[in-house]
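Q:
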Amino acid sequence: MLWETVRLALTAITRNALRSFLTVLGVVIGVAAVIAMVTVGQGSSEQVSANVESLGTSVLVLRPGAQMMGPGARDNAPSFKLADVEALQDLTSLSAVAPTVSSSETAVYGNSNRSTTITGTTSAYLEIGGWEIARGRSFSTAEDRSGANVCIIGETVRTALFGSTDPTGEKIRIKSISCEVIGLLVAKGAGSFGQDQDDLVIMPVRTVQRRLLGSQDVSSISMTVASGVSSERAISDIKTLMRDRRRIAIGEEDDFSVNDMKELASMLNSVNSVLTGLLSSVAAVSLLVGGIGIMNIMLVSVTERTREIGIRLSVGAQASQVLMQFLVEAVVLSLLGGVIGILAGLGLAYVAAQIMAIPFSPSLDVIALAFGFSAVVGMVFGYFPARAAARLDPIEALHYQ
Amino acid sequence: MSPPLIELEGITRTYGSGEALVRALDGVDLTVEKGEFVAIMGPSGSGKSTAMNIIGCLDRPSGGHYRFNGVEVATLDQDQRALLRRNYLGFVFQGYNLLPRTTAIENVELPLIYKGQRKAERLVRAREALQRVGLEGREHHTPSQLSGGQQQRVAIARALAGEPMVMLADEPTGNLDTKRSVEIMELMQKLNREAGLTIVMVTHEEDMAAYASRLVVFTDGKVVRDELMQERAS
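So this is what it looks like as structure tokens:
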């Protein structure tokens with residue numbers, strides 16, 4: 001009899017194809033929307049967290065100009081010089097200090113060229129930025145000091161200029177400099193904002209200052225805090241030293257700023273969780289809309305179903321048999337919609353993750369929640385009108401308008 | 001002596017309460033023996049359909065006794081009444097009440113499913129029942145592909161398939177033209193005469209009632225006439 005009931009339900013589903021289709025569609029939309037949105041939100045949030053992790057110990061960045069100033073405002077503040085870097089290196093609260101200057105240039109090798117960012121710094125920069133060398137080596141102290149014509153390139157630049165061949169020992173031309181590639185960086189992938197972190201060429205700071213920029217200025221200084229020292233302590237040390245070196249009187253504002261990159265990253269993370277929350281609420285609305293769709297189609301068909309129940313009762317069906325049929329029908333439709341919805345949602349999320357270059361991280365909780373909600377709506381609205389009808393005297397069900 | 005098949009004793013059926021109380025049936029006594037073909041007539045609102053629904057266990061009386069084959073129906077619960085309908089009763093309604101988008105043979109199979117018969121057996125029985133009502137070749141037509149007369153034949157086949165003791169027909173020809181009506185009545189008369197099927201039929205057309213062997217007339221919820229008739233020759 002159970003098998004017969006399942007068969008009756010399946011027959012009813014195929015016979016009322018449009019109604020079945022709309023019900024399934026409601027579940028699919030609800031489930032797919034929630035899964036896609038929440039998965040994308042979680043993926044991007046994970047991406048940010050991973051970036052924060054990769055920063056390791058706290059990285060501080062010192063820039064001329066006061067904090068929170070508009071563009072152009074820093075013109076008044078004097079730039080840092082390499083002497084400032086040397087002074088900072090003496091601070092015990094810092095473990096590494098690297099100056100940076102940058103310039104957008106075109107790197108040329110043979111017939112290939114690539115517009116990229118040239119960062120002038122020292123070997124300490126690699127340690128601070130968490131860069132590792134895939135091939136070759138970093139700058140020697142002598143190269144750092146002298147401003148040798150050597151460079152380390154990122155994976156994107158290597159691919160553009162050399163394809164997959166080994167670039168070390170080759171010479172690339174940047175403006176008038178012919179510089180030897182001594183190292184290749186391990187690829188980092190996309191950054192928090194989706195930017196390509198591997199699109200860079202690193203050269204000794206003095207080389208860039210002299211040969212590309214023609215200036216002794218250092219645009220920013222990156223530092224890592226020594227282990228066991230809090231970033232607050234380090235920041236306060238840096239400020240004291242800089243105020244002294246830049247001869248800022250007591251009571252005057254700083255004309256430089258120190259940013260804690262880790263703090264920035266965690267701020268980004270909280271922005272991201274707001275975004276995830278937003279996506280989730282949009283998803284919740286989709287779920288609701290899907291649910292209302294299911295409700296609608298179920299309630300609209302109550303008249304027809306009530307008469308059908310009357311007919312079944314009049315030929316000798318017991319209320320429990322009729323109910324079992326409708327329950328099976330609701331379960332089958334909900335399951336079908338749920339499975340299609342999960343697949344569609346995961347598919348959408350996967351495609352979105354590929355496009356946005358974020359991790360694809362489906363969450364079982366969300367899948368269960370979305371599926372559970374739709375299934376409950378489908379079953380409740382499929383089952384309860386049927387229960388009400390099956391409790392009627394058959395003649396009332398038959399005459400239901 | 002075996003008990004009468006249907007025995008109504010002082011049956012009342014009221015709707016609403018207080019001022020708005022409506023007495024659809026007001027003390028009906030009626031006995032139907034096996035093998036009878038009873039026509040129930042009466043003006044609209046006389047309670048004839050209500051009595052029919054109570055006989056068919058589709059509705060419950062407000063008072064009085066109803067014994068089916070000697071069993072007091074009032075003491076049966078919902079499921080037991082369903083079993084009674086399943087095993088002993090077959091219905092034919094004015095509006096056919098077939099499942100939409102469902103083929104003739106599947107409609108006829110319906111009561112057999114609830115009887116727990118296997119698919120193969122059901123198919124044989126359903127096909128047989130459709131043959132008896134002259135619908136061979138129309139097994140796979142859905143109601144919308146059949147005429148009113150054909151739909152009513154499917155309904156009769158459905159009522160016959162379960163091999164009931166009584167067929168209850170509520171205005172079976174109400175939606176049909178005279179020619180189809182006569183065909184349906186001749187079919188019912190044949191079932192009564194040749195297979196000994198007990199039939200209780202509600203109608204408001206005297207021409208149709210004339211096919212029965214006994215006429216019961218209702219007025220204002222009471223039986224006002226009950227007589228055997230000269231059966232119409234078919």
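Chains as they are written, first to last, in UniProt numbering: chain Z, 1 to 401; chain F, 1 to 234.
By construction, the Cβ of each residue, glycine as well, lies at the ideal position given by its N, Cα and C atoms.
Being a predicted model, the structure only gives us computed values, none of them experimental.
1) Any beta carbon of chain Z sitting closer than 9 angstroms to that of P100 of chain F?
2) Which residue or residues does DSSP assign as beta-bridge partners of M41 of chain F?
3) What are the start and end residues of the alpha helix (DSSP H) that includes P385 of chain Z?
4) Can you tell me whether DSSP reads E4 of chain Z as helix, strand or coil?
5) Based on the DSSP secondary-structure assignment, which residues constitute the bridge partners of V258 of chain Z?
6) Using 8 angstroms as the Cβ pair cut-off and three pairs as the minimum, do the segment 346-355 of chain Z and the segment 267-275 of chain Z touch?
7) Determine the direct distance from the alpha carbon of A389 of chain Z to that of Y383 of chain Z, and round the result to whole angstroms.
8) With a threshold of 6 angstroms on Cβ separation, who are the neighbours of V322 of chain Z within its own chain once the five nearest residues in sequence on each side are excluded?
9) Roughly how far, in whole angstroms, is the beta-carbon of L287 of chain Z from the beta-carbon of A370 of chain Z, given that I think they are within contact range, below 8 angstroms?
10) Measuring straight from C-alpha to C-alpha, what distance separates M185 of chain F and G116 of chain F?
11) For the segment 151-162 of chain F, which residues have a CB atom closer than 8 angstroms to at least one CB atom of chain Z, in sequence order?
12) For chain F, is any of its Cβ atoms less than 9 angstroms away from the one on M385 of chain Z?
13) Is the Cβ of Q189 of chain F closer than 9 angstroms to any Cβ of chain Z?
14) Between which two residues does the beta strand (DSSP E) harbouring S178 of chain Z extend?
15) So for D77 of chain F, helix, strand or coil by DSSP?
16) Does the distance between the C-beta of N107 of chain F and the nearest non-hydrogen atom of the ligand FMN fall short of 8 angstroms?
17) In whole angstroms, what separates the C-alpha of V216 of chain F from that of L168 of chain F?
18) If we call anything under 9 angstroms between Cβ atoms a contact, is A82 of chain F one with Q42 of chain Z?
19) Given that a residue counts as buried once 16 or more other Cβ atoms are within 10 Å of its Cβ, and exposed if not, what is G196 of chain F?
20) Less than 6 angstroms between C-beta atoms, sequence neighbours within five positions excluded: which residues of the same chain meet that for L348 of chain Z?
21) In terms of alpha-carbon separation, which member of Z:D166, Z:S281, Z:G120 and Z:P394 lies closest to S215 of chain Z?
22) List the residues of chain Z that F91 of chain F touches, going by C-beta distances under 7 angstroms, in chain order.
23) Excluding the 5 residues preceding and the 5 following M52 of chain F in the sequence, name in chain order all residues of the same chain whose CB lies nearer than 8 angstroms to its CB.
24) How would you list, in chain order, the residues of chain Z whose beta-carbon sits under 9 angstroms from the beta-carbon of L146 of chain F?
25) Return the first residue and the last residue of the beta strand (DSSP E) that K115 of chain F is part of.
26) Bridge partners of K222 of chain F, per DSSP?
27) Determine which residues share a DSSP beta bridge with M223 of chain Z and list them.
28) Compare the C-alpha of H65 of chain F against each of F:K222, F:G221, F:L176 and F:E7 and name the closest.
29) Among Z:E86, Z:L185, Z:I235 and Z:W3, which has the Cα closest to the Cα of L62 of chain Z?
30) Residues of chain F with CB under 7 angstroms from R15 of chain Z, in chain order?
31) For T72 of chain F, which residues of its own chain have a beta-carbon under 8 angstroms away from its beta-carbon, when the five flanking residues on both sides are left out?
A: With the structure as the only source:
1) It does; some Cβ of chain Z falls within 9 angstroms.
2) For M41 of chain F, the pairing in a beta bridge is given by DSSP as F:V217.
3) DSSP places P385 of chain Z in the uninterrupted alpha helix (DSSP H) bounded by L364 to A390.
4) Here DSSP, grouped into helix, strand and coil, assigns E4 of chain Z to helix.
5) Answer by DSSP bridge pairing, in chain order: Z:L62.
6) Judged by Cβ distances under 8 angstroms, the segment 346-355 of chain Z makes no contact with the segment 267-275 of chain Z, as fewer than three pairs qualify.
7) Cα-Cα distance, rounded: 10 angstroms.
8) Take V322 of chain Z, set aside five residues on each side of it, and the residues of its chain with a beta-carbon closer than 6 angstroms to its own are I309, R312 and A390, in chain order.
9) Confirmed, about 6 angstroms.
10) When rounded, the distance between both Cα atoms is 31 angstroms.
11) Residues passing the 8 angstroms Cβ filter: R158 and G162.
12) Correcting the residue type first, residue 385 of chain Z is Pro in the shown sequence and not Met. The Cβ of P385 of chain Z sits no closer than 9 angstroms to any Cβ of chain F.
13) In terms of beta-carbon proximity, Q189 of chain F stays away from the interface with chain Z, with every pair separated by 9 angstroms or more.
14) Residues I177 to L185.
15) For D77 of chain F, the three-state secondary structure derived from DSSP is coil.
16) The model depicted lacks the ligand FMN and carries no ligand whatsoever.
17) Between V216 of chain F and L168 of chain F, the C-alpha separation is close to 14 angstroms.
18) Not a contact, by the Cβ cut-off of 9 angstroms.
19) By the Cβ-count criterion, G196 of chain F is exposed, with fewer than 16 other Cβ atoms from all chains shown falling within 10 Å of its own Cβ.
20) Here L348 of chain Z has A36 as same chain residues with Cβ atoms under 6 angstroms from its own Cβ, once five neighbours each way along the sequence are excluded.
21) Nearest in C-alpha terms to S215 of chain Z, of all of Z:D166, Z:S281, Z:G120 and Z:P394, is Z:G120.
22) Neighbours of F91 of chain F on chain Z, chain order: S314.
23) If you ignore the 5 residues before and after M52 of chain F, its C-beta comes within less than 8 angstroms of the C-beta of I40, L168, D170, V200 and V202, all in its own chain and listed in chain order.
24) The premise fails here: L146 of chain F is roughly 16 angstroms from chain Z at the closest Cβ pair, so nothing lies under 9 angstroms.
25) No residue range can be given for K115 of chain F, since it is assigned to no beta strand (DSSP E) and is classified by DSSP as neither H nor E.
26) Per DSSP, F:T219.
27) Residue pairing by DSSP puts M223 of chain Z in a beta bridge opposite Z:L60 and Z:V97.
28) Here the closest residue by C-alpha is F:E7.
29) Measuring from the Cα of L62 of chain Z, the nearest candidate turns out to be Z:I235.
30) Those within 7 angstroms of R15 of chain Z in chain F are R101 and T102.
31) Here residue 72 of chain F turns out to be Glu, not Thr, going by the sequence shown. Cβ within range, chain order: H65 and Y66.
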